[in-house]
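Shown next, in structure tokens, is the structure this report addresses.
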Amino acid sequence: FHFAGANPDYAAYHARFAPGPGTRVLGDATPVYLYLESVLPRVLAYNPRMRWVVLLRQPVDRAYSHWNMVRQTGDEPLSFLDAVAAEPERLTTDRGRRLYSYLDRGFYARQLRRLFARVPRDRVLVLRSEELRRDHFGTLRRVFAFLGVDPDVHIEPGTVHAREYEVP
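In terms of the working numbering, the sequence shown is residues 162 to 329.
Below is the structure:
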């Protein structure tokens, strides 16, 4: 979590990237940056000109997937329904907001309003994950054009961070 604290450690953040010759754009896929209110100002202080590609997932699918991930890492002892019932109380701490924000993260409108209040809309591309699944290559061409990079780069479809669900 590279943009937390009063003095973020950018050296540790930069170490995660290994740009090759001719690299024009680097990216970071960290949804919590948009969700946590305290992070956006720090990200914008780091790079106020950055472009944002926001990929929104169907909120219920996202919540259940998130619960399964936290459950499998050993940080969630509760069933999905019990975790959802306990969520409001758990969101009162930073750790709770990062780990147990199953439903709350799916309220995208307030996150986007916060982003649009600080970032010009022409620097934000909002997509739905269904678009990427339905038209992978067309969606990537839109993203690449938005970022100002070669729109003809071919990246095969794939799934990242997929896990089997403990409870289907």
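Cβ atoms here follow ideal geometry from the backbone N, Cα and C, with glycine treated the same way.
Q) Given 8 angstroms as the limit, is there contact between the region 249 to 262 and the region 174 to 189, that is, 3 or more CB pairs closer than that? A) no
Q: Take the Cβ of threonine 300 as the centre, count every other Cβ of all protein chains shown within 10 Å, and call the residue buried at 16 or more, exposed below.
A: Walking along the sequence shown from the start, residue 300 turns up at place 139. By the neighbour-count criterion, in which a residue is buried when 16 or more other Cβ atoms sit within 10 angstroms of its Cβ, threonine 300 is buried.
(Q) Based on DSSP bridge pairs, tell me the residues matched to arginine 289. (A) Here the question's residue 289 lines up with position 128 in the sequence shown. Paired residues: Leu217.
Q. So proline 312 is in the alpha helix (DSSP H); what residue range does that whole segment cover?
A. Residue numbering aside, residue 312 sits at position 151 when the sequence shown is read from its first letter. Run containing proline 312: none; DSSP gives neither H nor E here.
Q) For glutamate 317, which of Ala167, Arg303 and His297 has the nearest alpha-carbon? A) The count along the sequence shown starts at 1 and reaches residue 317 at position 156. Minimum Cα distance to glutamate 317 is reached at His297.
Q: Find the nearest neighbour of valine 321 within the set Leu308, Ser290 and Pro329, judged by alpha-carbon distance.
A: As a working note, residue 321 is residue 160 in the sequence shown. When each option's Cα is compared against that of valine 321, the closest is Ser290.
Q.
Just to confirm my understanding: we take glutamine 272, look at its own chain, exclude 5 residues before and 5 after, and list those with CB closer than 7 angstroms. What are they?
A. Locating residue 272 in the sequence shown gives position 111, where the first residue counts as 1. Cβ within range, chain order: Leu195 and Tyr196.
Q. Leaving out five residues before and five after leucine 113 in sequence, what residues of the same chain have Cβ atoms less than 7 angstroms from its Cβ?
A. Examination of residue 113 is not possible in this model, given that the chain is present from 162 through 329 alone.
Q: In the DSSP assignment, find the alpha helix (DSSP H) that holds glycine 188 and state where it starts and stops.
A: Stepping through the sequence shown from its first residue, residue 188 is reached at position 27. Where glycine 188 is concerned, there is no enclosing alpha helix (DSSP H), given that its DSSP letter is neither H nor E.
Q) Would you call tyrosine 261 buried or exposed, if buried means 16 or more other Cβ atoms sit within 10 Å of its Cβ? A) As a working note, residue 261 is residue 100 in the sequence shown. With 16 or more Cβ atoms within 10 Å of its Cβ, tyrosine 261 is classed as buried.
(Q) On a Cα-Cα basis, can you pick out the residue from Pro192, Tyr174, Ser226 and Arg232 that is closest to leucine 217? (A) For the purposes of this step, residue 217 is identified with residue 56 of the sequence shown, where counting begins at 1. Ranking Pro192, Tyr174, Ser226 and Arg232 by Cα distance to leucine 217 puts Pro192 first.
Q) Does the Cβ-Cβ distance between phenylalanine 178 and valine 200 come in under 8 angstroms? A) The sequence position of residue 178 within the sequence shown is 17, counting from 1. The sequence position of residue 200 within the sequence shown is 39, counting from 1. Cβ distance not < 8 angstroms, so phenylalanine 178 and valine 200 don't count as in contact.
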